[in-house]
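At position 81 of the sequence shown the residue is numbered 81 (this note's numbering), and the sequence of numbers has no breaks.
Data block below; observations after.
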Amino acid sequence: MDLQRFIDAKQAELEALRRAMPAPLEVARPDFLRALTAPPPAGEPLRVIAEFKRSSPSAGVINDRLDPADVARQYAAGGAACMSVLTEERYFTGHVRDLSAAAPAGIPLLRKDFIFSELQVRQTFATPASAMLLIVALTPDAAQLRGLRELAETQGIHAVVEVFTERELELARESGARIIQVNARNLETFKTDRVEGLKLAAHRLPEECWIAASAMQEHSHLQDAAAAGYHAALVGTALMSGNCPLDNLRRILHP
Numbered sequence: 001m002d003l004q005r006f007i008d009a010k011q012a013e014l015e016a017l018r019r020a021m022p023a024p025l026e027v028a029r030p031d032f033l034r035a036l037t038a039p040p041p042a043g044e045p046l047r048v049i050a051e052f053k054r055s056s057p058s059a060g061v062i063n064d065r066l067d068p069a070d071v072a073r074q075y076a077a078g079g080a081a082c083m084s085v086l087t088e089e090r091y092f093t094g095h096v097r098d099l100s101a102a103a104p105a106g107i108p109l110l111r112k113d114f115i116f117s118e119l120q121v122r123q124t125f126a127t128p129a130s131a132m133l134l135i136v137a138l139t140p141d142a143a144q145l146r147g148l149r150e151l152a153e154t155q156g157i158h159a160v161v162e163v164f165t166e167r168e169l170e171l172a173r174e175s176g177a178r179i180i181q182v183n184a185r186n187l188e189t190f191k192t193d194r195v196e197g198l199k200l201a202a203h204r205l206p207e208e209c210w211i212a213a214s215a216m217q218e219h220s221h222l223q224d225a226a227a228a229g230y231h232a233a234l235v236g237t238a239l240m241s242g243n244c245p246l247d248n249l250r251r252i253l254h255p
């Protein structure tokens, strides 16, 4: 799997942004980092970032019947600390407007997309997102990652920097990342290895916030992540499968 295809898929969007950039949104953004580092409620192993995604390259169509506004309300009611919203159009059938639809629920939003250009960061300014995803495998340049992160922070938007290997972790730290997301899914092959992802947490520094992502499907997976030293887990497909994300979230948090 060539990550270049995700960059190629963004070229039309980038050209549109060069022609017309939406104005920054003047809005108070809920604090994403504070929500993740707050102690979890009694009985919950760690904080959960609940994800809205209609489909993915690895799973195909997951659920294209649910509305982001309704799902956001369900996640907020179920105790999610934050919400991840897939905004990539070609492979995940998302859209940047899904962030605005989810915002009234009041929980911090993570824009999850293939972001590698300052244009995309500035586009994020025009949304209610509290955080955005940067992927080291997609942008393996510490200076570029730092520039994107620092630009996001000028508008109070946190950068979640995703890694898969120890080398990518080194690059993330060189860029000044403070929120580290470990993806158990290799973006080149789409194979997952949750155990190896958990092992990487042995390298966590006290000042860093760590998120476990991919293959988080059961309460025991959350317990394993918490025991490994993670602050939070990102849960997506397990919540979006079926007709009631609220029930799925409650089942995972409180079996």
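Glycine is no exception: its CB is placed at the ideal position from the N, C-alpha and C atoms.
On a predicted model such as this, the values are computed, not experimentally measured, just so you know.
**Message:** Between the alpha carbons of residue 131 and residue 157, how many angstroms are there, rounded?
**Reply:** Indexing the sequence shown from 1 puts residue 131 at position 131. Indexing the sequence shown from 1 puts residue 157 at position 157. Near 5 Å, if we compare the C-alpha coordinates of residue 157 and residue 131.
**Message:** For a minimum of 4 consecutive residues, which ranges assigned as the alpha helix (DSSP H) are wholly contained in the segment 51-91?
**Reply:** 68-78
**Prompt:** Are the CB atoms of residue 128 and residue 103 nearer to each other than 8 Å?
**Reply:** The residue labelled residue 128 in the question sits at position 128 within the sequence shown. The residue labelled residue 103 in the question sits at position 103 within the sequence shown. It is a contact, given that the beta carbons lie within the stated cut-off.
**Request:** With distances taken Cα to Cα, identify the nearest neighbour of residue 159 among 181, 215, 63, 101.
**Result:** Counted from its first residue, the sequence shown places residue 159 at position 159. Checked all of 181, 215, 63, 101; the closest Cα to residue 159 is 181.
**Asked** Terminal residues of the continuous beta strand (DSSP E) containing residue 136?
**Response** Translated into the one-based positions of the sequence shown, residue 136 becomes position 136. It is not in any beta strand (DSSP E) - residue 136 carries neither H nor E in the DSSP assignment.
**Prompt:** Straight-line CA distance for residue 1 to residue 191?
**Reply:** The residue given as residue 1 occupies position 1 in the sequence shown. The residue given as residue 191 occupies position 191 in the sequence shown. Here residue 1 scores only 46 on pLDDT, less than 50, and its place in the model should not be relied on; the value that follows carries that caveat. Taking the straight line joining both Cα atoms gives about 11 Å.
**Request:** For residue 120, count neighbouring Cβ atoms within 10 angstroms of its own Cβ and tell me buried if that reaches 16, exposed if not.
**Result:** As a position in the sequence shown, residue 120 is number 120, starting the count at 1. Flag for residue 120 reads buried.
**Request:** List the residues that DSSP assigns as beta-bridge partners of residue 234.
**Result:** Position 234 of the sequence shown, counted from the first residue, corresponds to residue 234. For residue 234, which the question treats as bridged, DSSP gives the partners 49, 213.
**Where residue 199 falls, given that 16 or more other Cβ within 10 Å makes a residue buried** = Residue mapping note: residue 199 aligns to position 199 of the sequence shown, counting from 1. Exposed is the call here.
**Item:** Of the listed residues 161, 80, 81, 154, nearest to residue 113 (C-alpha basis)
**Value:** As a first step, residue 113 is located in the sequence shown; it is residue number 113 there, counting from the start. Of the candidates 161, 80, 81, 154, the one whose C-alpha sits nearest the C-alpha of residue 113 is 161.
**Asked** DSSP beta-bridge partners for residue 143?
**Response** Looking up residue 143 in the sequence shown gives position 143. Paired residue(s): none; residue 143 is not in a bridge.
**Message:** Does residue 7 come out as helix, strand or coil in the three-state DSSP assignment?
**Reply:** Taking the sequence shown and counting its residues from 1, the one referred to as residue 7 is at position 7. The answer is helix: DSSP assigns residue 7 an H, G or I state.
**Request:** Just mark residue 220 as buried or exposed, buried being the case when its beta carbon has 16 or more other beta carbons within 10 Å.
**Result:** Locating residue 220 in the sequence shown gives position 220, where the first residue counts as 1. Answer is exposed; the Cβ neighbour count stays below 16.
**Prompt:** Considering only C-alpha positions, which residue in the set 233, 223, 92 is nearest to residue 179?
**Reply:** Indexing the sequence shown from 1 puts residue 179 at position 179. If we check each option's Cα against that of residue 179, 233 comes out closest.
**Message:** Restricting to runs no shorter than 3 residues, where is the beta strand (DSSP E) found entirely within the segment 161-208?
**Reply:** 179-183
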